[in-house]
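Have a look at the structure below before the remarks.
Number of protein chains: 2
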Amino acid sequence: MTRSGDFVDVRVQRSKAAVLAQTYELLSAGGIGGVSIDEVSRRSGVSKTTIYRHWPSRAALLVEACSTIGSAPPVPDTGSFGGDLVALTEALAEQLRSARWAAVLPSIVDAAERDPDLAGLHADLHARLMAPFDVVTERARTRGELAADRGPADVTAAVAGPLFYRRWFSREPLDAAFVTRVVEDALGHLGVQDSST
Amino acid sequence: MTRSGDFVDVRVQRSKAAVLAQTYELLSAGGIGGVSIDEVSRRSGVSKTTIYRHWPSRAALLVEACSTIGSAPPVPDTGSFGGDLVALTEALAEQLRSARWAAVLPSIVDAAERDPDLAGLHADLHARLMAPFDVVTERARTRGELAADRGPADVTAAVAGPLFYRRWFSREPLDAAFVTRVVEDALGHLGVQDSST
DNA sequence: GAGAAACAGTACGGTACAGTAGCGTACTGT
DNA sequence: ACAGTACGCTACTGTACCGTACTGTTTCTC
Numbered sequence: 039m040t041r042s043g044d045f046v047d048v049r050v051q052r053s054k055a056a057v058l059a060q061t062y063e064l065l066s067a068g069g070i071g072g073v074s075i076d077e078v079s080r081r082s083g084v085s086k087t088t089i090y091r092h093w094p095s096r097a098a099l100l101v102e103a104c105s106t107i108g109s110a111p112p113v114p115d116t117g118s119f120g121g122d123l124v125a126l127t128e129a130l131a132e133q134l135r136s137a138r139w140a141a142v143l144p145s146i147v148d149a150a151e152r153d154p155d156l157a158g159l160h161a162d163l164h165a166r167l168m169a170p171f172d173v174v175t176e177r178a179r180t181r182g183e184l185a186a187d188r189g190p191a192d193v194t195a196a197v198a199g200p201l202f203y204r205r206w207f208s209r210e211p212l213d214a215a216f217v218t219r220v221v222e223d224a225l226g227h228l229g230v231q232d233s234s235t
Numbered sequence: 039m040t041r042s043g044d045f046v047d048v049r050v051q052r053s054k055a056a057v058l059a060q061t062y063e064l065l066s067a068g069g070i071g072g073v074s075i076d077e078v079s080r081r082s083g084v085s086k087t088t089i090y091r092h093w094p095s096r097a098a099l100l101v102e103a104c105s106t107i108g109s110a111p112p113v114p115d116t117g118s119f120g121g122d123l124v125a126l127t128e129a130l131a132e133q134l135r136s137a138r139w140a141a142v143l144p145s146i147v148d149a150a151e152r153d154p155d156l157a158g159l160h161a162d163l164h165a166r167l168m169a170p171f172d173v174v175t176e177r178a179r180t181r182g183e184l185a186a187d188r189g190p191a192d193v194t195a196a197v198a199g200p201l202f203y204r205r206w207f208s209r210e211p212l213d214a215a216f217v218t219r220v221v222e223d224a225l226g227h228l229g230v231q232d233s234s235t
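Chains A and B, in that order, are what the protein sequence lines are. Per the numbering used here, the first sequence starts with residue 39, numbered consecutively. Per the numbering used here, the second sequence starts with residue 39, numbered consecutively.
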């Protein structure tokens, strides 16, 4: 056993990083279906054998490559629920406009529709994306800023719903005016008086 | 030329029908990626050669098979915008819960994200699904029931957005209470006074 | 510096798929 | 009855993919 505790061979780190980077690249370009081990190997310069040394299967690699998507969005704290929600929604809209993963998500949703493994991935991803909304909403609730019968699930549906709809279904531009209207409407029927103009 | 005008050989009708039926079957089960000509041929009993006699390519077959999705939803006319919208939204929710194509749509959205041909299909489909909302909204507008700065696009985003979000992203059940809340909220901020209780 | 580990390269086997070609048969509309 | 057509069948080309086996080389760790 030359296994010495927690140290990881530099070569392993290098290989894994290169493979994950290229996997993510292919993922953004072609969705889940666009990722093949052969191609990852070709582009990353890491041989296929090595890839299979580090991941037991294509699916495992995909899951790990997706795990970085949509992580650690900042949770704003402007003092009011309204301000927080505006900030979060605009951040989400910006991501939907430009982030690489915005093009990948439909293929994950599709895969989750039938593959149970990928359904787990989808659930994680969804939780990660919506976590800030949950935080902000709970905070508002304890301050009594929110109608009693409305929870985080209602907030995310009211805000993320129209945004997602625009991005993937109607494919109209996510302009600032639309985003503003969505937030204001949401605040309105959530029983919140808008504190900004 | 025995070509006699509009008559179509019975055999052709039979073959095409069988192929389209099985294509749709595979489509619902496995999305776009789940349809292979070999499998369609195997299940339909129609030989691959024949399939290619009627469709120039796999893509053409897919487009035709999808063309029946979400067609001819009834346009209600309850007399008020509120009533119409409730009816339409409940119908949409029911479709999302049970219709076969609800499992297919994500793969179409995904495909549309990169393949221009399929993007056309996606656009058609979207237009077909949302047409009733447009009709109802325009009707309301001419009757002055709607705030001046709100158009059909806003109505569909406000209503279909949260529903789609629930169905595909948060994967929570589309229960009646949720649907009702969505419609009421939408009516509220569209400048409509709810005529029902 | 020695031994272990990770590595690239290559060549597999096996499967699945799109699409094409030729042949002989069965059916249809007139 | 008969020409035209659609058809099934089989076989084939070419590609892409997953995952594994083997060989020899580099490179890290101790």
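Here a beta-carbon is modelled for each residue, glycine too, at the ideal position from N, C-alpha and C. Given the structure is predicted, the values throughout are model-derived calculations rather than measurements.
Check, Outcome
"Please state whether the Cβ-Cβ distance between L126/A and P170/A is less than 7 Å.", "yes"
"So which residues of chain A does Y203/B contact, with C-beta pairs closer than 7 Å?", "A195, A198, G199, F202"
"Under 7 Å, do A266/A and L156/A count as touching if we go by C-beta distance?", "In the structure as shown, chain A starts at 39 and stops at 235, and residue 266/A therefore has no counterpart that could be examined."
"If we count the other Cβ atoms within 10 Å of its Cβ and call it buried at 16 or more, is E183/B buried or exposed?", "buried"
"Less than 7 Å between CB atoms is the rule here; does H92/A satisfy it with respect to chain B?", "no"
"I'd like to know whether the C-beta atoms of G108/A and W139/A end up nearer to each other than 7 Å.", "yes"
"May I ask which residues mark the beginning and end of the alpha helix (DSSP H) holding D172/B?", "154 to 180"
"Candidates V174/B, A224/B, R49/B: which alpha carbon is nearest P111/B's?", "V174/B"
"Flag this pair as yes or no: are the beta carbons of I70/B and S79/B separated by less than 7 Å?", "no"
"Below 6 Å CB to CB, which residues in the same chain sit around K54/A once its five sequence neighbours on both sides are set aside?", "H92"
"Which of helix, strand or coil does DSSP assign to P200/A?", "helix"
"Name the chain B residues whose beta carbon is nearer than 9 Å to that of S208/A?", "H164, M168, A191, T194, A195, A198"
"Cβ of D172/B within 7 Å of Cβ of P190/B?", "yes"
"At a Cβ cut of 7 Å, what residues of the segment 69 to 103 of chain A count as close to chain B, listed as they run along the chain?", "G69, G71"
"L123/A lies in the alpha helix (DSSP H); which residues open and close that run?", "119 to 136"
"From C104/B to Y62/B, what distance separates their C-alpha atoms?", "7 Å"
"Below 8 Å on C-beta distance, what does A141/B contact in chain A?", "E151, R152"
"Would the beta-carbon of H164/A fall within 7 Å of that of I146/A?", "no"
"Is L12/B near G120/B, with beta carbons less than 7 Å apart?", "Past the boundaries of the shown model lies residue 12/B; chain B is included only from 39 to 235, so the question cannot be answered."
"Would you say G226/A lies against chain B (beta-carbon separation less than 7 Å)?", "yes"
"Just the Cα atoms here: how many angstroms apart are P154/A and A56/A?", "28 Å"
"If you follow the alpha helix (DSSP H) that I70/A is in, where does it begin and where does it stop?", "Segment: none, I70/A is in no alpha helix (DSSP H) and carries neither H nor E."
"Could you check where the alpha helix (DSSP H) with P112/B kicks off and where it finishes?", "First-last for P112/B: undefined, no H or E at that position."
"A214/A lies in the alpha helix (DSSP H); which residues open and close that run?", "214 to 227"
"Could you tell me the boundaries of the alpha helix (DSSP H) in which S145/B lies?", "143 to 150"
"Between T116/B, R135/B, A67/B, which has its C-alpha nearest Y203/B's C-alpha?", "R135/B"
"Taking only beta-carbon atoms, is P144/B less than 7 Å away from chain A?", "yes"
"Please return the same chain residues whose Cβ sits closer than 8 Å to the Cβ of K86/A, not counting the five positions on each side in sequence.", "I75, D76, S79"
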